[in-house]
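Numbering (the UniProt record's numbering) for the sequence shown: 1 to 600. Where a beta carbon is used, it is the ideal one built from N, C-alpha and C, also for glycine. Source: prediction; values computed, not measured. The next block holds one structure in the form of structure tokens; read it before the comments.
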Amino acid sequence: ASIASMDMGLLLRDDVFVDFFNTFLNLPVFGQTPIYISGMGRWYLWPELPSHLDPSPAALLAWLEKHRLPHFCKSSLCLHLVLCQKLLGFIRSGEAAELLNWQSADQWLLERCISGSHGMWHFRAFVRGTAGEELIDFWLITERLLGLDESDGSQRDLFLSLVHRLRATHLREGSSIITLCTTIVGSLPKAKHIQSISTRREILSKMQEQALFIIQSYWLPKFFMHCKMGMEEEESCQPLLQEYQERLSQASWQEPPGLSKPFPTMHIKRSQGVSGPYCSLKAKAEIWSLVKEGRDTQELKMATFQVKPQRKPVPSGSAEELCLDKGALGLIPQQSEHPANTAFGGKRGLTFPGRPQSSAEQDLENLCKEKIFSDLLPSASLDQLPSLKKPVKTLDFLPWALSAEACAGQPFRDFLQCQNWSMETHLLGLWHDLEEFLPVVLDSSRENSFFLRHLIGEKICKTYLEEDSIEKLPLETRTLVSLWNHLICGEFSPWIFRAQKEICKLLCCLYEKFLADDDRMFIQFMAPGSDVPMPKVPGHSAGRWEHFHLSQRMNQSLKLSQALHGTRSLEGISSKHWQLLAARDLQKGGSIQAEMKLLL
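Structure below.
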């Protein structure tokens, strides 16, 4: 709520906010996907506006404040931003210095490691499988729950869903939360019989504070030691460690006075040679053509592949300018490296355990193979990138967009609700609940996996698959019955993919209307009164470099967002992540640009 009420210009002066917000803005559900480089004060738009226009930064900020910030405040990225700010506040405090004997150099290095969406991903990957994971998950759920008004009918379903989730996981007997928050949990049995909303909220709030204190005082120091040891083994991190040692050698080291740069004047990079219509749908189709053709021609059904680095010259210009001036939308598969990869017998193929397969089940397995495939990795040479030949339909990239929508505060859902399309809103809810169920049921190593898969499976059955509801859903009866038979027991079913595909067919035209509406709103703010043609005549097309950079930026955005949202399993920490830490500069694109900097 405090973020939503702040002036956008002030928010953008915080590099940590900018990093999370850039990650959010580049999720491929949206039409316009801009990125802000705070060190330059420069905005890069994609798709670009026609070159004859001179867009105003003030108009862009007004559009962001009205059409992006409200959705950001409902996203899991925003919750992680709030947690990151609280951790940074503790790191910088005198309390931390006294309690943990940290010097200013220690605080500086830890701040570098944990800032931004990639920093929080790193921290969550570090605590995975420990009590720290449950503490963080509890803090995030409670933060969302305490921000809701249970007396508001529009928020009540989400409120009750979060309450049930807490009871089934973190507030059950034997959980880490019950064990670690012993001083407060004594009030809980009584709280079950108390009708006072304020009393229940007060108890949860105190438990959340206790959980945060344990995260700060116990898990942050452990993470700090982990980071120092990891960086010592990575050559690219040596400059960081050298600066750390220099700061450490001067106990009272302070930032040199007068070196803090003034905020640069905010401006928007002018388009060059862009004419014709403004159409984000066409732009997405071009990117997806690249993804789809790349998958078909390079057999991108395995999780990773290695390509020797090309030795052709890279276009001139700084890495940051090249990354951004060339643009960037996502080379994302329909379900980018879905967690199911590891659940189906390895990364190169999918096999469903159990009984012999019927022809229908074989069809479903083929559906899974279509849904689960890898994206092009940054190691891919541009010589490997296909040219754009075959046009694609919206249905081809809709699962990709819907997967991002869950991480983006559900703007498509809000659009459907505003148009009073209740059945379509209901179907979208089913798509997202199935998407949430998949990583839980397919990754048994997740915290509370057993309880969550039964909780989510039963919720889906009661909300969408009861007899009085099932007759109203415009999906195949065989699909719905098969879903019920498996989900009511908390079991995985390949029919999940069939159901999602059927839903996509029904929502496809409405998603096109959503993008068209997003385009209209953007043009109204950026070029009021201008005669900017909407899509009929093909306009400027980006080249392979542009598409590649767009793809990597969006790819990183979706991967980070899915991991923090919980619809993608957190991968292990490897040498690449230490390289990303060394390359990450919050003032030069931050988390979603670091991978491209490594490639260049």
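Check	Outcome
Straight-line gap, residue 689 to P399 (C-alpha atoms, nearest Å)	Shown here, the chain extends from 1 to 600; a query on residue 689 therefore has no answer.
CB contact flag (residue 604, G31, <8 Å)	With the chain represented from 1 up to 600, any question about residue 604 goes unanswered, as that position is not in the structure.
Unbroken beta strand (DSSP E) run spanning W431, endpoints	Where W431 is concerned, there is no enclosing beta strand (DSSP E), although the alpha helix (DSSP H) it sits in stretches over 422–442.
Test item: CB-CB of Q216 and L81 under 8 Å	no
Per DSSP, the bridge partner or partners of H170	Answer is none; H170 lacks a bridge partner.
Assigned secondary structure, W43 (DSSP; H/G/I helix, E/B strand, else coil)	strand
Residues of its chain near E133, where Cβ-Cβ distance is below 6 Å and the 5 sequence neighbours each way are ignored	V127, E447
Inter-residue spacing [alpha-carbon to alpha-carbon] between R165 and E435	17 Å
Spatial neighbours of C504 in its chain, beta-carbon cut-off 8 Å, leaving aside the 5 residues before and after	L395, L398, P399, L402, W431
Runs of alpha helix (DSSP H) wholly within the region 19–105 (minimum 4 residues, chain order)	57–67, 69–72, 76–91, 94–100
As assigned by DSSP and simplified to three states, the class of W136	It should be noted that the sequence gives Ile, not Trp, for residue 136. Helix, per DSSP.
Whole-Å CB distance - V481 paired with I456, under 8 Å assumed	Rounded, the Cβ-Cβ distance is 19 Å, inconsistent with contact.
Nearest to L442 (by Cα), restricted to the options S569, V163, E467	S569
For H577 and E595, the rounded distance between their alpha carbons	9 Å
Beta-carbon spacing of P70, A4 below 8 Å	yes
8 Å Cβ cutoff met for H549 and C407	no
Sequence-distant residues of its chain with Cβ nearer than 8 Å to Q155 (five each side left out)	L148, D149
Cut-off 6 Å between Cβ atoms - residues of its own chain near D7, not counting five sequence neighbours on either side	none
Three-state secondary structure assigned by DSSP to I114	helix
For I178, the three-state DSSP class (helix, strand or coil)	helix
Outcome for K472 when other beta-carbon atoms lying within 10 angstroms are tallied against a minimum of 16	exposed
Given D15 as reference, the closest of F72, H547, Y44, R112 once Cα atoms are compared	R112
Nearest-angstrom Cα separation, counted from S561 out to M554	10 Å
Cβ-Cβ distance between R413 and F437 below 8 Å	no
Residue burial classification, R167 (beta-carbon count within 10 angstroms, cutoff 16)	exposed
Residue nearest to L581 in terms of C-alpha spacing, selected from E232, D519, I460	E232
Which of helix, strand or coil DSSP assigns to I268	strand
Residues near R124 in its chain [Cβ-Cβ closer than 8 Å; skip 5 each side]	E133, I136, A563, L564, L570
Alpha-carbon to alpha-carbon, C227 and L180	25 Å
Y218 - DSSP class collapsed to helix/strand/coil	helix
Whole-angstrom C-beta distance between S51 and R270, which should lie under 8 Å	7 Å
Length of the line joining the Cα atoms of W121 and M521	33 Å
C-beta contact flag for G9 and L83 at 8 Å	no
Assigned exposure category for G89 - 16 Cβ within 10 Å defines buried	exposed
DSSP state of S151 mapped onto helix, strand, coil	coil
Test item: CB-CB of L465 and W484 under 8 Å	yes
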